[in-house]
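>
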């Protein structure tokens, strides 16, 4: 029954296409375009499934101690939300930005999007002297142009142009990607808004994580 309905649906699409175009050449190019689009969607879905399954296995491997701390301090609901950000971090690529000035100059010469506006404000607010490293974070899927920027500050904190830590009170996926790439990136349970905590944190746990190991210190 479903097969018959699918064939009828395709026949309806082809009929509309034939009515729309005056030549077979135009019809052929439109059908070819639609097939390429469907193939692209299938490839993206398959790639996304692979990345997601890999992230499930990698989360425990790369962030074992962070996972323990999150379980200890967060409510189950907030733990789930934060853990999802960690899993999603494996679907991104990062690049260290060496020259902040070049980015600032680009703002004046090109049309900028909201993320770049946030970065410009970020650089103005904290000042270059307070920044330890500046990173660009891009979705790993080929052809993706969307990106965010993360500034690692010398006081151990960080800022991201996604503003997730401000809007949701949780640490974003982009930062967890940087946590694996930079020795200057540090995770602290106090980064997560207190409304998500089970109890007040007496001894903050600070975790520096650049591989499968974490070093703990108390502040």
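Numbering (the working numbering), first residue to last: -15 to 203. Where a beta carbon is used, it is the ideal one built from N, C-alpha and C, also for glycine. All values reported here derive from a predicted model rather than from experimental measurement.
With DSSP as the reference, please indicate the residues paired to residue 119 in a beta bridge.
According to DSSP, residue 119 bridges with 80, 134.
> Pull up the DSSP beta-bridge partners for residue 74, would you.
BP columns for residue 74 are empty, so no partner.
> So, are the CB atoms of residue 159 and residue 176 less than 8 Å apart?
The answer is no: Cβ separation not under 8 Å.
> Whose C-beta lies closer than 8 Å to the C-beta of residue 76 among residues of the same chain, with five residues either side of it excluded?
Around residue 76: 121, 122, 123, 124, 157, 158, 161.
> Considering only the alpha carbon of each residue, which of 178, 61, 153, 81 lies closest to residue 165?
Of the listed residues, the one whose Cα sits closest to residue 165 is 81.
> In three-state terms, what does DSSP make of residue 182?
It is coil, neither helix nor strand.
> Residue 199 to residue 45, Cα distance in whole Å?
Confidence in residue 199 is poor, its pLDDT being 39 and thus under 50, which makes the residue's placement unreliable; the coordinate value appears in the next sentence. Those two C-alpha atoms are separated by around 15 Å.
> Please report the distance separating the alpha-carbon of residue 163 from that of residue 17.
Rounded to the nearest angstrom, the two C-alpha atoms are 41 Å apart.
> CB-CB under 6 Å to residue 140, same chain, minus the five flanking residues each way: which ones, in chain order?
Cβ within range, chain order: 170.
> So what does DSSP say about residue 17, is it helix, strand or coil?
Helix at residue 17.
> Return the chain-ordered list of same chain residues with a C-beta closer than 8 Å to the C-beta of residue 114, the five sequence neighbours on each side being excluded.
Excluding sequence neighbours, residue 114 sits near 137, 138, 139.
> In angstroms with no decimal places, state the Cα-to-Cα distance between residue 147 and residue 154.
So the alpha carbons of these two residues sit roughly 10 Å apart.
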